[in-house]
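In our numbering, the protein residues as written are 1 to 397.
Beta carbons: idealized from backbone N, C-alpha and C, even for Gly.
These numbers come from a predicted model, not from an experiment.
Okay, so here's the structure we're looking at.
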């Protein structure tokens, strides 16, 4: 199936809304200057990122208290995997989940063999953000199909990586042993603190909106619901306008060049994903930014896939830098486990061409199924991020 939509004639013109064959004598539609579109696009992207931050804040408020209790008393690696998924879905941050795991390991409440599957679960749980972001295109079938495929290729990749690497880890302990060896090799280094100005700006916008709602007297669950509602509305509005402006700015020639460059080397896409994620300190932000690009047909799914994998690897860098300054070596060990898991998954499911097609085909099939019947969206999110991990906790804990 081709990822590129049929181009309307106006995409080949300098501005949106200009007909390829205007009626003789009819006044030409007024074109919006490219610089103004660019300014508007940057403002919309900021609003879009703030909406993601608001969504995360809403889930964190809902998850306060309940997330911490999930990590206590886990005895099975399968329950640990499920706890990693649910805990990250609740707090909407794999970094928060990882920090909790590090703290519990340091206090002796959690063993390294159980911490490893929790890290794998956190990798899955953090992907729910961009899956929810794709809902912003739900009213436009073609855009939604491309957006949902772009979002769920991340989910499917992480599930595939866990299916292969978790049994291997349980049988051999290869990730934990390698991480311990690397910790002993590099553990004497000094950590580096890095605060991304982009992430700081997103936090400021999120806190400003949350402050307005709190001034209205909202708190607790009501505040989280209000934050989530405002975030969803903002995502819908921003995604619609971002898609239109991207189509107007990135005309067919630029679009072909972008896909042509990324299509030459998957390693380039991986490097781009890593660089963006290190800059913004969030894989969710990087992968969520890909959603409107794919929705607009500007970026194809095969070219978005390696960027997603690069984001998966890049999200471990900040934790690696900071953990090297920790008093306990377990912080660095767990950060290295996270890095090794993501690198190994990338080598398997991107480096081997037949395996590379599994997440791509799965995402396309799921996108077509969900586009034809939107109820599958609720089924997918409920099963992948709530029901399966919930059953695993009940059965194995």
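Outcome for residue 214 when other beta-carbon atoms lying within 10 angstroms are tallied against a minimum of 16: What you label residue 214 is simply residue 214 of the chain shown in a count that begins at 1. Looking at its Cβ environment, which holds fewer than 16 other Cβ atoms inside 10 Å, residue 214 is exposed.
Along the chain, where does the alpha helix (DSSP H) containing residue 305 start, and where does it finish? Here residue 305 corresponds to residue number 305 of the chain shown, with the count starting at 1. Unbroken alpha helix (DSSP H) run through residue 305: 301-314.
Buried or exposed (CB count within 10 angstroms, at least 16 for buried), residue 210: Taking the chain shown and counting its residues from 1, the one referred to as residue 210 is at position 210. Buried, since its Cβ has 16 or more Cβ neighbours within 10 Å.
What distance in whole Å lies between the Cβ atoms of residue 134 and residue 157, which are believed to be in contact at a cut-off of 8 Å? Here residue 157 refers to the residue found at position 157 of the chain shown. Here residue 134 refers to the residue found at position 134 of the chain shown. That pair is no contact at about 16 Å.
Can you tell me whether residue 216 is helix, strand or coil according to DSSP? Taking the first residue of the chain shown as position 1, residue 216 is located at position 216. In the structure shown, residue 216 sits in coil (DSSP, three-state: anything other than H, G, I, E or B).
Rounded to whole angstroms, what is the Cα-Cα separation between residue 403 and residue 264? One cannot answer for residue 403 here, as it falls past the ends of the chain, which runs 1 to 397.
Round the Cβ separation of residue 54 and residue 231 to the nearest angstrom and send it over; I've been treating them as touching at under 8 Å. By one-based count along the chain shown, residue 54 stands at place 54. By one-based count along the chain shown, residue 231 stands at place 231. That belief holds up - the Cβ atoms of residue 54 and residue 231 are roughly 4 Å apart, short of 8 Å.
Taking the alpha carbon of residue 36 as the reference point, which residue from 245, 389, 86 has its own alpha carbon closest? As a first step, residue 36 is located in the chain shown; it is residue number 36 there, counting from the start. Checked all of 245, 389, 86; the closest Cα to residue 36 is 245.
On the criterion of 16 or more Cβ atoms from any shown chain inside 10 Å, does residue 85 qualify as buried, or is it exposed? Position 85 of the chain shown holds residue 85. Counting Cβ neighbours within 10 Å, residue 85 comes out buried, since at least 16 surround it.
Does the beta-carbon distance from residue 269 to residue 310 come in below 8 Å? Here residue 269 refers to the residue found at position 269 of the chain shown. Here residue 310 refers to the residue found at position 310 of the chain shown. For residue 269 and residue 310, yes; Cβs fall inside 8 Å.
Let's see if you can read the secondary structure: which residues bound the alpha helix (DSSP H) around residue 146? Your numbering for residue 146 matches position 146 in the chain shown. Looking at the DSSP string, the run of the alpha helix (DSSP H) that includes residue 146 is 141-172.
Burial state of residue 172, where buried means 16 or more other Cβ atoms lie within 10 Å: Reading the chain shown from its first residue, position 172 is the one you call residue 172. Exposed, because fewer than 16 other Cβ atoms sit within 10 Å of the Cβ of residue 172.
Using CA atoms only, rank isn't needed, just tell me which of 57, 387, 44 is closest to residue 207. Translated into positions along the chain shown, residue 207 becomes position 207. The shortest C-alpha separation from residue 207 is found at 57.
Between which residues of its own chain and residue 379 is the CB-CB distance below 8 Å, once the five residues before and five after are set aside? Within the chain shown, residue 379 is the residue found at index 379, counting from 1. Nothing listed; no residue qualifies.
Take residue 360 as the anchor and find which of 385, 306, 284, 387 has the nearest alpha-carbon. Residue mapping note: residue 360 aligns to position 360 of the chain shown, counting from 1. Residue 360 has its Cα closest to that of 306, out of 385, 306, 284, 387.
With H, G and I counted as helix, E and B as strand and the rest as coil, what does DSSP make of residue 373? Here residue 373 is taken as the residue at index 373 of the chain shown, counted from 1. Of the three classes helix, strand and coil, the one that applies to residue 373 here is coil, per DSSP.
Please name the residue, chosen from 202, 79, 344, 61, that lies closest to residue 387 on a Cα-to-Cα basis. Indexing the chain shown from 1 puts residue 387 at position 387. Nearest of 202, 79, 344, 61 to residue 387, Cα basis: 79.
Can you give me the start and stop residues for the alpha helix (DSSP H) that residue 117 sits inside? Mapped onto the chain shown, residue 117 falls at position 117. 112-125 is the extent of the alpha helix (DSSP H) around residue 117.
So, for residue 393: in the same chain, excluding its five sequence neighbours on each side, which residues have a beta-carbon less than 6 Å away from its beta-carbon? Indexing the chain shown from 1 puts residue 393 at position 393. So the list reads 79, 82, once near-sequence residues are dropped.
With 16 as the cutoff for other CB atoms within 10 Å, does residue 189 come out buried or exposed? Translated into positions along the chain shown, residue 189 becomes position 189. Any reading at residue 189 must be qualified, since the residue scores a pLDDT of 48, below 50, and its modelled position is unreliable; no value is offered.
Status (buried if at least 16 other CB within 10 Å, exposed otherwise) for residue 186: The residue you call residue 186 lines up with position 186 of the chain shown. Exposed, because fewer than 16 other Cβ atoms sit within 10 Å of the Cβ of residue 186.
Just to confirm, does residue 316 get its C-beta within under 7 Å of one of the non-hydrogen atoms of the ligand FAD? This structure simply doesn't include the ligand FAD, nor any ligand for that matter.
For residue 101 and residue 115, I'd like the C-alpha separation in whole angstroms. Translated into positions along the chain shown, residue 101 becomes position 101. Translated into positions along the chain shown, residue 115 becomes position 115. The C-alpha of residue 115 is placed about 6 Å away from the C-alpha of residue 101.
On the three-pair Cβ rule with 8 Å, is the stretch 120-127 touching the stretch 153-168? yes
For residue 427, the first and last residue of its enclosing alpha helix (DSSP H): No answer is possible for residue 427: the residues shown for the chain start at 1 and end at 397.
Nearest-angstrom Cα distance between residue 299 and residue 227? The residue given as residue 299 occupies position 299 in the chain shown. The residue given as residue 227 occupies position 227 in the chain shown. Answer to the nearest angstrom: the Cα atoms are 30 Å apart.
Measuring alpha carbon to alpha carbon, tell me which of 338, 295, 342 ends up nearest residue 144. The residue given as residue 144 occupies position 144 in the chain shown. Comparing alpha carbon positions, the residue from 338, 295, 342 closest to residue 144 is 295.
Are residue 48 and residue 235 close, meaning C-beta to C-beta below 8 Å? Taking the first residue of the chain shown as position 1, residue 48 is located at position 48. Taking the first residue of the chain shown as position 1, residue 235 is located at position 235. Yes. Within cutoff.
In terms of residues, what are the limits of the alpha helix (DSSP H) holding residue 288? Numbered from 1 along the chain shown, position 288 holds the residue referred to as residue 288. Secondary structure note for residue 288: its alpha helix (DSSP H) is the uninterrupted segment 283-295.
CA-to-CA distance, residue 381 to residue 168, given in whole angstroms: Within the chain shown, residue 168 is the residue found at index 168, counting from 1. Within the chain shown, residue 381 is the residue found at index 381, counting from 1. One C-alpha to the other measures close to 27 Å.
Terminal residues of the continuous alpha helix (DSSP H) containing residue 268? Position 268 of the chain shown, counting from 1, holds the residue named residue 268. Unbroken alpha helix (DSSP H) run through residue 268: 266-280.
Is the beta carbon of residue 301 sitting closer than 8 Å to the one on residue 153? Numbered from its first residue, the chain shown carries residue 301 at position 301. Numbered from its first residue, the chain shown carries residue 153 at position 153. Cβ distance < 8 Å, so residue 301 and residue 153 count as in contact.
What does the alpha-carbon distance come out to for the pair residue 146 and residue 197? For this step, residue 146 is matched to residue 146 along the chain shown. For this step, residue 197 is matched to residue 197 along the chain shown. Whole-angstrom Cα-Cα distance: 30 Å.
Quick one: what does DSSP say residue 357 is sitting in, helix, strand or coil? By 1-based counting over the chain shown, the position of residue 357 is 357. Note: residue 357 maps to helix in three-state DSSP.
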